[in-house]
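Protein chains in written order, with UniProt numbering: chain A, 1 to 648; chain B, 1 to 648.
Below is one structure, written out as structure tokens; the observations come after it.
Number of protein chains: 2
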Amino acid sequence: MMESWSFLDTVESNFRPLVVIELAKGTKEETIEWFTKRIVDKKANGGAQLLIKPLVTENGVENIYLVGASHLRLLLGAETVGLVKECSDNSMRTFTYSSRKTFKHFADDNHNFLTMAECQYIIKHELENLRAKNEKMIPGYPQAKLYPGKSIVRRLLTSGILVQIFPLHDREELKKLSHSWYGRVKVGYQPLDDIRCYFGETIALYFGFLEYFTFALIPMAVIGIPYYMFAWEDYDKYVMFATFNLLWSTVILEVWKRICAILTYRWGTLLMKRQFEEPRPGFHGVLGINPVTGREEPVYSSIKRQLRIYLVSLPFVCLCLYFSLYVMMIYFDLEQWALDYHKENESNFSSLMLYVPSIIYAVVIEIMNRIYRYAAEFLTSWENHRLESSYQNHLILKVLVFNFLNCFASLFYIAFVLFDMKLLRQSLATLLITSQILNQFAESLLPYWLQKRYNRRMKKRMCSKKTDTDLSLAEQVNMEKEMGTYLGTFDDYLELFLQFGYVSLFSCVYPLAAVFAVLNNITEIYSDALKMCRVYKRPFAEPTANIGVWQLAFETMSVISVVTNCVLIGMSPEVDALFPDSKTDLVLTVALVEHLLLAIKFIMAFVIPDKPREIQTKLAKLEFESLEALKQQVTAFQMQLHFLSIHQ
Amino acid sequence: MMESWSFLDTVESNFRPLVVIELAKGTKEETIEWFTKRIVDKKANGGAQLLIKPLVTENGVENIYLVGASHLRLLLGAETVGLVKECSDNSMRTFTYSSRKTFKHFADDNHNFLTMAECQYIIKHELENLRAKNEKMIPGYPQAKLYPGKSIVRRLLTSGILVQIFPLHDREELKKLSHSWYGRVKVGYQPLDDIRCYFGETIALYFGFLEYFTFALIPMAVIGIPYYMFAWEDYDKYVMFATFNLLWSTVILEVWKRICAILTYRWGTLLMKRQFEEPRPGFHGVLGINPVTGREEPVYSSIKRQLRIYLVSLPFVCLCLYFSLYVMMIYFDLEQWALDYHKENESNFSSLMLYVPSIIYAVVIEIMNRIYRYAAEFLTSWENHRLESSYQNHLILKVLVFNFLNCFASLFYIAFVLFDMKLLRQSLATLLITSQILNQFAESLLPYWLQKRYNRRMKKRMCSKKTDTDLSLAEQVNMEKEMGTYLGTFDDYLELFLQFGYVSLFSCVYPLAAVFAVLNNITEIYSDALKMCRVYKRPFAEPTANIGVWQLAFETMSVISVVTNCVLIGMSPEVDALFPDSKTDLVLTVALVEHLLLAIKFIMAFVIPDKPREIQTKLAKLEFESLEALKQQVTAFQMQLHFLSIHQ
């Protein structure tokens with residue numbers, strides 16, 4: 001069945017494997033035949049017109065297939081997904097096959113015009129858009145129902161016939177990338193453009209944000225150190241520090257939008273048109289007509305979903321929040337007990353015991369966060385959102401609220417109920433450092449170590465002493481398919497978000513937080529890079545124009561931090577001493593200052609443009625050109641009319 | 001020169017005048033000849049391809065010209081400006097001439113397919129886009145320089161050769177509209193769709209907002225009346241009222257966005273693409289290259305403009321604000337003097353005198369507002385903004401800040417410095433009622449009276465006793481060209497904005513404000529309608545999709561009102577009595593409630609979608625269709641490639 005290459009591929013002599021498809025063991029022969037036929041079939045017949053080859057290893061065929069595509073097919077695919085590339089005149093334009101000659105570095109024999117990540121993204125898009133025609137089911141699996149327009153690959157995935165689809169690593173490129181990224185100890189920027197070429201925009205943007213955020217924290221850290229060294233107990237000097245921090249955090253979030261625009265303009269994703277979103281794989285419902293597309297697809301009542309959200313998910317989240325507060329109260333009991341114990345015994349052991357409750361609490365928080373995460377994923381999936389983006393937003397909201405409370409409730413309690421600044425500082429330090437160490441360990445080092453051990457065993461079994469780049473294709477595929485799957489940037493952003501909370505919410509009592517954050521982020525860059533390159537399967541590139549809902553989350557955090565810092569400053573004895581007669585005046589002054597700061601924040605956010613002038617001009621230019629093109633079409637049509645009227 | 005009709009117009013037998021062009025008396029013959037030739041010239045030759053006829057009155061030709069266009073020309077123009085019309089299947093689509101048959105009510109002989117306002121908008125657009133080719137100056141006027149691409153009409157206007165361009169009224173339609181709008185006393189909605197057909201979307205949207213806002217205020221007014229009647233001094237009961245008001249004002253602003261989307265979807269402007277903005281008429285600078293269009297046009301350095309804004313305009317505005325505060329302090333001195341006088345004399349006259357300072361102050365505020373308005377217009381014009389929208393935004397910001405301070409500073413002073421609730425209530429009532437009466441008088445009744453007197457004199461002179469609809473075209477044009485020019489919705493929105501401030505900022509001390517606002521708005525609808533139909537020249541229709549910066553202004557006001565109301569409630573003796581031990585607890589509680597209310601406001605604004613689901617679906621459907629069309633183009637191209645490769 002592999003012989004019937006479509007016409008476009010006769011030009012292509014060498015097959016370059018890009019994407020791996022793993023089918024379940026024991027998949028029926030007719031299914032495989034039907035599926036591969038659909039993949040290679042011509043576009044006009046409803047196929048994907050890609051190339052596919054079974055992977056042959058020493059053990060014979062293993063239900064693993066390699067997918068590639070001809071150069072021409074990829075270029076046409078680039079047009080379909082709406083890739084934006086740089087033209088010869090340095091402007092960014094949507095790629096079309098007919099205008100291909102105007103693009104920079106384009107040549108008919110230059111197969112590197114599209115990066116490997118782009119090629120893999122195109123293949124993924126084509127595979128996912130391979131739709132059922134009039135098949136009622138997947139051949140061989142009557143229980144796996146199909147309807148016209150249903151994505152075949154998604155049905156195969158949900159019915160377990162398709163185990164996984166993943167893009168292949170390029171060992172050569174990866175080696176180069178990892179060398180320039182984390183291979184040598186150097187001071188400098190990350191190779192963001194290379195990261196983007198290899199891993200796609202979403203991941204490159206995360207690393208860009210991580211790097212930017214680390215740089216942005218340095219001023220806070222630098223100013224924080226002398227405060228820590230010389231003025232540990234002088235709260236009134238912290239007023240300056242806190243004010244600086246509050247305004248600074250607004251500035252850095254606004255400036256990030258500009259930097260993000262510069263990056264994504266250069267990468268073309270700022271200009272990419274949003275594609276129509278298909279239902280997410282887990283979405284189910286009775287067959288109906290989608291009012292937008294007019295196509296048959298599962299339909300699920302929006303009212304039912306709202307009921308599920310407000311009657312089940314919301315109460316559950318509230319219950320979890322309550323439970324989290326309950327655990328917090330237990331922690332404070334433990335803390336009190338440890339303090340009493342220390343007072344009674346006064347030994348080295350007892351002073352060590354003082355730290356035990358905080359450490360236990362930090363560990364418990366991490367565990368609770370992880371368990372809650374599974375519950376939130378289950379619930380959000382049960383809410384049955386039609387779109388992946390809507391699912392993601394609901395999940396992020398649930399997880400954010402819980403994580404926020406879990407991490408910061410005890411600090412709020414210490415600060416605003418117990419009024420114990422010393423304990424606050426101590427808890428903040430313990431929580432921050434513990435969670436950072438735990439995260440680095442659980443996220444990167446542990447999987448890396450497991451992966452390394454597994455690889456060593458694998459290699460031993462293969463009795464080979466080759467380095468990674470020398471592996472045969474079959475060996476490479478077999479190794480990569482066992483690697484863990486990178487689940488997206490969610491956890492990485494969440495970690496940064498909580499860190500931002502530690503740094504900004506109570507910045508006026510613990511100026512060292514920024515120092516620890518900077519130190520952590522430097523190692524985080526390395527460990528995350530290691531994780532991407534060595535621990536996980538290569539992820540598919542995802543074009544994106546911004547960091548999405550996280551921008552909002554960070555901005556909300558910075559608003560909350562204005563409130564907390566103002567209250568903390570108002571509570572300090574030094575500020576208190578400025579209003580000896582009336583505490584009311586103090587509170588009023590603090591409230592006034594707080595509103596002033598918030599007003600300044602909002603005005604600053606409003607005044608600083610989201611995109612640099614240069615990018616604005618470039619975008620305006622593109623818009624102008626498309627309007628002009630439209631006008632010329634109209635004029636051409638009018639000319640034609642003119643011509644007709646003359647010759648009638 | 002009028003004989004050379006272009007080919008499109010041979011079809012047209014009857015010339016329908018749509019737009020009037022008035023040239024200055026004594027304009028040189030060669031200029032007139034050149035200008036009219038350019039107007040009638042074919043598109044292909046860079047003309048506007050419109051029809052133009054001189055107006056012949058009893059006194060001969062008067063340099064007044066009537067502009068029209070053939071039916072076909074208007075349809076092609078509708079495509080150029082990107083009009084969106086309803087299709088036969090009830091969906092809204094961008095009109096194109098080639099797909100004209102699919103549109104509702106389209107027929108080749110149906111000349112009402114485009115409304116008269118749309119036709120006039122198209123003609124205005126075509127006239128403004130009539131550009132210089134290689135003329136260096138306007139023939140006959142060497143000082144009126146031109147450069148390739150410069151809008152001829154704008155240069156004619158700025159050099160005073162062109163006195164005015166305005167669209168003609170349709171006396172029949174106007175009579176029908178004014179009858180259904182304000183002709184009879186009835187309870188019911190305004191004929192918004194008819195208003196939109198006659199005056200365009202911007203004005204219809206203003207009346208829609210005015211009507212919606214009036215309806216939205218009714219609950220506040222209804223709840224306010226019993227509070228006024230029975231609980232005048234019981235501040236604690238106002239807590240409920242104020243809370244209701246705060247949440248209600250958030251809800252009405254959010255719901256307005258949805259209603260606005262429904263209206264503008266129906267009118268097609270929600271889908272209209274933004275046109276590229278040309279420099280505004282007053283913009284000047286040295287000739288350079290526009291980086292967006294690549295065309296020659298005046299260029300003015302953005303840094304110079306920023307310097308003008310921050311070094312001149314900003315200090316000037318601050319000075320004006322200071323002056324306004326100074327006037328306010330004089331008012332308080334006067335107030336004190338009147339009070340003393342009343343105490344000394346205790347006569348009827350002296351009790352009447354108590355109201356005099358407030359009334360004087362209200363009048364002075366109105367005068368200052370108007371003077372400042374001119375200064376702001378001058379300054380903003382001097383800042384030399386390239387775009388009309390940028391000019392408008394800077395002007396609105398300047399005027400808003402000053403008006404806000406001017407109207408509310410005294411109330412803030414009374415409330416939060418003097419702590420005199422009785423005086424606050426009295427001042428609020430005086431200010432609100434005086435400004436409403438003044439506005440209605442100055443805006444509509446006075447011009448209406450002047451206009452009527454003028455018309456009577458005109459008619460007497462013409463010795464005719466005809467009604468308005470019987471007037472000859474020449475008489476109509478002569479009458480309309482003397483009418484005042486409607487300067488846009490700015491003043492009308494500003495009035496509503498200040499009214500919203502009176503209602504919401506201090507709603508908990510003066511619940512009757514909403515009642516007065518409702519009463520005022522009902523008469524306002526009538527007087528504004530009268531103003532539009534009888535007092536002013538017909539304005540050109542302006543397509544718009546929302547109320548723009550005013551939405552933001554109203555939302556900001558509702559945020560400020562949360563703060564003021566919370567403080568007012570906190571200051572009331574009844575709430576004070578709830579915290580007998582500590583005033584600090586009171587302030588803390590108030591601050592907590594305020595933050596809670598603000599948080600609820602923002603969450604509500606976030607949760608309520610800006611567009612109703614139905615409109616969202618329709619928009620998504622259109623987007624989906626255009627994506628599909630694009631894909632089919634790509635597929636068709638691929639098919640063609642296939643065909644070629646087979647037949648090679």
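Where is the CB? At the ideal position from N, CA and C, for every residue including glycine.
Inter-residue spacing [alpha-carbon to alpha-carbon] between residue i and residue j
i: B/C320; j: B/L156; result: 36 Å
i: B/E135; j: B/Q306; result: 33 Å
i: B/S561; j: B/L130; result: 49 Å
i: A/V587; j: B/A442; result: 46 Å
i: A/R196; j: A/V239; result: 41 Å
i: A/I569; j: A/F579; result: 13 Å
i: A/T485; j: A/K537; result: 6 Å
i: A/L23; j: A/R73; result: 24 Å
i: A/L18; j: A/C508; result: 52 Å
i: A/L253; j: A/L431; result: 25 Å
i: B/Y526; j: B/V40; result: 41 Å
i: B/V286; j: A/L271; result: 32 Å
i: A/A599; j: A/P447; result: 46 Å
i: A/F554; j: A/Y493; result: 10 Å
i: B/Y510; j: B/D528; result: 27 Å
i: residue 653 of chain A; j: B/L619; result: Lying outside 1 to 648, the shown extent of chain A, residue 653 of chain A is not represented and no answer is given.
i: A/F7; j: A/A48; result: Because the pLDDT at A/F7 is just 40, under 50, the model does not fix this residue reliably, and the point stays unresolved.
Beta-carbon spacing of residue i, residue j below 9 Å
i: B/P539; j: B/P281; result: no
i: A/K28; j: A/G140; result: yes
i: A/E335; j: A/P357; result: yes
i: A/G149; j: A/E366; result: no
i: B/L505; j: B/L411; result: yes
i: B/Y331; j: B/Y361; result: yes
i: A/K398; j: A/V503; result: no
i: B/L127; j: B/V81; result: no
i: B/K124; j: B/I165; result: yes
i: B/V299; j: B/F416; result: no
i: A/L210; j: A/N546; result: no
Chain-ordered neighbours of residue i on chain A, where CB pairs are closer than 8 Å
i: B/V587; result: T584, V587, L588, A591
i: B/H595; result: V563
Per-residue contacts from residue i into chain B (C-beta, under 7 Å)
i: A/T102; result: Chain B residues near A/T102: none, gap ~16 Å exceeds 7 Å.
Where residue i meets chain B, residues with beta-carbon distance less than 9 Å
i: A/F416; result: None at all; the shortest Cβ gap to chain B is about 10 Å.
Chain B residues whose Cβ lies nearer than 8 Å to that of residue i
i: A/L627; result: K273, Q275, F276
i: A/K398; result: In chain order: nothing, as chain B lies at least about 15 Å away.
Contacts of residue i in chain A (Cβ-Cβ under 7 Å)
i: B/Q624; result: What sits at residue 624 of chain B in the sequence shown is Phe, not Gln. Result: F276, V292, T293.
i: B/F620; result: The sequence shown places Ala at residue 620 of chain B, not Phe. Per Cβ cutoff of 7 Å: V292.
Neighbour flag for residue i against chain C, beta carbons, 9 Å
i: A/G268; result: In the displayed structure, chain C is absent; the protein chains listed are A and B.
Cβ-based contacts, 9 Å cut-off: residues of the region 259–276 of chain B near chain A:
K273, R274, Q275, F276
Only counting runs of 4 or more residues, tell me where the alpha helix (DSSP H) segments fall wholly within the region 187–213 of chain A, in order along the chain.
192–199
When you check each C-beta in the region 279–309 of chain A against every C-beta of chain B, which residues fall closer than 7 Å?
So the close ones are P291, V292, T293.
Proximal residues, the region 120–135 of chain B versus chain A, C-beta separation under 7 Å:
none
Going along the chain, which residues of the region 22–42 of chain A sit with their C-beta nearer than 8 Å to a C-beta in chain B?
K42
Please list, in chain order, the residues of the region 370–386 of chain A that have any C-beta partner in chain B closer than 9 Å.
Taken residue by residue, none of the region 370–386 of chain A has a beta-carbon sitting less than 9 Å from a beta-carbon on chain B.
Using a Cβ-Cβ cutoff of 8 Å, what residues of the region 599–619 of chain B are near chain A? List them in chain order.
R613, T617
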